[in-house]
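For the protein sequence lines, the chains are A and B, in the order given.
Reminder that position 100 of the first sequence reads as 100 in the working numbering, one-by-one numbering, no gaps.
Numbers in the working numbering are just positions in the second sequence, counted from 1, shifted up by 1000.
Ideal placement from N, C-alpha and C gives every residue a C-beta, glycine not left out.
To start, the structure under review is shown below, and the notes come after it.
There are 2 protein chains.
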Amino acid sequence: MTKLLTIAGLGPGDQNMVTPCVQEAISSATDVVGYIPYVARIPPRDGLALHPSDNRVEIERAEFALDMAASGKRVLIVSSGDPGIFAMAAAVFEVLDKNPSRWTDVDIQILPGVTAMLAAAAKIGAPLGHDFCALNLSDNLKPWELIEKRLLLALEADFAMALYNPRSKSRPEGFEKVLTILKNKCSEDRSIVFARAISTPEERIKITTLALAKPEMADMQTIVIIGSSQTKVLSQNGKIFAYTPRHSKFDLSN
Amino acid sequence: MTKLLTIAGLGPGDQNMVTPCVQEAISSATDVVGYIPYVARIPPRDGLALHPSDNRVEIERAEFALDMAASGKRVLIVSSGDPGIFAMAAAVFEVLDKNPSRWTDVDIQILPGVTAMLAAAAKIGAPLGHDFCALNLSDNLKPWELIEKRLLLALEADFAMALYNPRSKSRPEGFEKVLTILKNKCSEDRSIVFARAISTPEERIKITTLALAKPEMADMQTIVIIGSSQTKVLSQNGKIFAYTPRHSKFDLSN
């Protein structure tokens, strides 16, 4: 029998953004593993065991899921958004890489999903319509100095930026530092978007400028999108949108 | 009556990766507009007019779609992947921005999709599992110098990179220059992935190293993913995967 571990992305929250492919994997799973709020999105049914676990236990969760898959169960790890973007897919490979002889006969399948920055960008226009980068602001797994270094280089490259996990309760100071750097380096009318819990009933969107941005506008459910120097804001039929044009001039002074 | 233009992402190619949300927009459209191969993915039916158009006419296509939406038709612009990533959403806002008084009563709705880099990353592991950037290598709309500048800064930041539109028939030399820069700046065992037509019958995947990478491994249907210095390759149950660990050290020599 094929032993299979599937790692799937549930999209940003709206059931209508779960791909049929992922829906099918949910329907055929015997066991669903994941962070508590993501597993809570899976409807209970007979023959399905739900295994929610807390944040910051990604390695243990991956080992647990691999063990179950090796025992012949049809195991599904669920992530919010896409499983390959700051989520569980990398954690599973870290575990496999450290234990090369432990789960040798388990197939790994990854099913992509709509990651938060795409859902946020779609709601507010097209802020990622030109070259961009995605930065995880959590310094649980990397030193803060590296985050600052990447932020400065991304500004120099004039990338639009999607910032994941911008501000947790345990380390609120990081995002404040990021905002200070941005305010020092960019013009004060640079666009910044706070997109919280996109496509859920708690959705909240704020399109503003760096001059008006405050640290407390972000939390862990927020994706922050920083426009490039070319990003523009416009009003269309009473609604505000932000977009980054597809064209760009070369300006060394950027 | 509400006048509405919807811009939707069809995902990478597999019908099972089209979100229900987008499927519903296809079902309720009277007119579908887009680049020829993307419109070809929409099944014909009574009451639906298909308007395929050629590449490089994004502005005209956006104007045409806005005019039809203004006339009361239910118009859907389709992009492959996600409409906000190097696709039609930005083109529509460019047109609106240039003509602020022309289509004032048309609502704009954007429906995200699984963009090519997410589908490619899922197929090969988790190469975008840490900070990364997305670069469009087409110099139709920006000078080549800007592409090189961004490439060098992205290497300095040690981002993984997803390269869109790497190599067209009309400008094959750009990607060759990119490979030369990468080979000069990175160790020769740096991971590089060529992911072509992911999730379609023509899918072709090659995980290799910079030392073995050749320009002709890419075409316009290929997403190229360059690993960061931390990206690793492993074999699992007979299959090769690439992943970028979630953790990273700070190394100024990067």
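| Item | Value |
| --- | --- |
| Test: residue 136 of chain A CB closer than 8 angstroms to a CB of chain B | yes |
| Limits of the alpha helix (DSSP H) - the one that residue 236 of chain A falls within | From DSSP, residue 236 of chain A is part of no alpha helix (DSSP H) but of the beta strand (DSSP E) over 232 to 236. |
| Between the CA atoms of residue 239 of chain A and residue 1179 of chain B - distance to the nearest angstrom | 43 angstroms |
| Chain B residues whose Cβ lies nearer than 7 angstroms to that of residue 68 of chain A | Under the 7 angstroms cutoff, chain B gives no residues; its nearest Cβ is about 16 angstroms from residue 68 of chain A. |
| Three-way DSSP call (helix, strand, coil) for residue 246 of chain A in this model | coil |
| Proximity test, Cβ basis, 8 angstroms: residue 1156 of chain B and chain A | yes |
| Pair within 8 angstroms by beta-carbon distance, residue 1093 of chain B and residue 1165 of chain B | no |
| Of the residues A:1, A:127 and A:61, the one placed nearest residue 232 of chain A, counting alpha carbons only | A:127 |
| For residue 1114 of chain B and residue 113 of chain A, believed in contact at Cβ under 8 angstroms, the rounded distance | 7 angstroms |
| Amino acids of chain A, ordered along the chain, whose beta-carbon sits closer than 7 angstroms to that of residue 1104 of chain B | 237 |
| Separation of residue 80 of chain A from residue 96 of chain A, as counted between CA atoms | 22 angstroms |
| Those residues which DSSP pairs with residue 109 of chain A across a bridge | A:6 |
| Residue 81 of chain A, enclosing beta strand (DSSP E) - first and last residue | It is not in any beta strand (DSSP E) - residue 81 of chain A carries neither H nor E in the DSSP assignment. |
| Spatial neighbours of residue 1176 of chain B in its chain, beta-carbon cut-off 6 angstroms, leaving aside the 5 residues before and after | 1215 |
| Own chain, CB closer than 6 angstroms to residue 144 of chain A, minus 5 neighbours either side, in chain order | none |
| Coil, strand or helix - residue 1018 of chain B by DSSP | coil |
| Residue ranges of each beta strand (DSSP E) within the stretch 167 to 220 of chain A, 3 or longer | 191 to 196 and 204 to 209 |
| Expected contact under 8 angstroms - CB spacing of residue 31 of chain A and residue 51 of chain A to nearest Å | 6 angstroms |
| Straight-line Cα distance separating residue 1083 of chain B from residue 1221 of chain B | 16 angstroms |
| Runs of alpha helix (DSSP H) lying entirely within the stretch 34 to 63 of chain A, each at least 4 residues, in chain order | 36 to 39 |
| Minimum Cβ-Cβ distance from residue 21 of chain A to chain B less than 8 angstroms | yes |
| Extent of the continuous beta strand (DSSP E) run through residue 1160 of chain B | 1160 to 1164 |
| Bridge partners - residue 92 of chain A, DSSP secondary structure assignment | Answer by DSSP bridge pairing: none, since residue 92 of chain A is not bridged. |
| Neighbour flag for residue 107 of chain A against chain B, beta carbons, 8 angstroms | yes |
| Element boundaries [alpha helix (DSSP H), containing residue 1141 of chain B] | Where residue 1141 of chain B is concerned, there is no enclosing alpha helix (DSSP H), given that its DSSP letter is neither H nor E. |
| Neighbour-count burial assignment, residue 1058 of chain B, 16 or more Cβ in a 10 Å radius | buried |
| Residues that residue 177 of chain A contacts on chain B, provided the C-beta gap is smaller than 8 angstroms | Within 8 angstroms Cβ-Cβ: nothing; residue 177 of chain A doesn't reach chain B, min ~15 angstroms. |
| Cut-off 7 angstroms between Cβ atoms - residues of its own chain near residue 123 of chain A, not counting five sequence neighbours on either side | 195, 198 and 205 |
| Nonlocal neighbours in the same chain, by C-beta distance under 7 angstroms from residue 41 of chain A, ignoring five residues either side | 10 |
| Assigned exposure category for residue 1 of chain A - 16 Cβ within 10 Å defines buried | exposed |
| 8 angstroms Cβ cutoff, residue 126 of chain A in contact with chain B | yes |
| Contact check, residue 242 of chain A vs residue 227 of chain A, beta carbons under 8 angstroms | yes |
| Counterpart residues of residue 31 of chain A in DSSP-defined beta bridges | A:49 and A:75 |
| Within 8 angstroms, strictly: CB atoms of residue 181 of chain A and residue 209 of chain A | no |
| Pair within 8 angstroms by beta-carbon distance, residue 1158 of chain B and residue 1147 of chain B | no |
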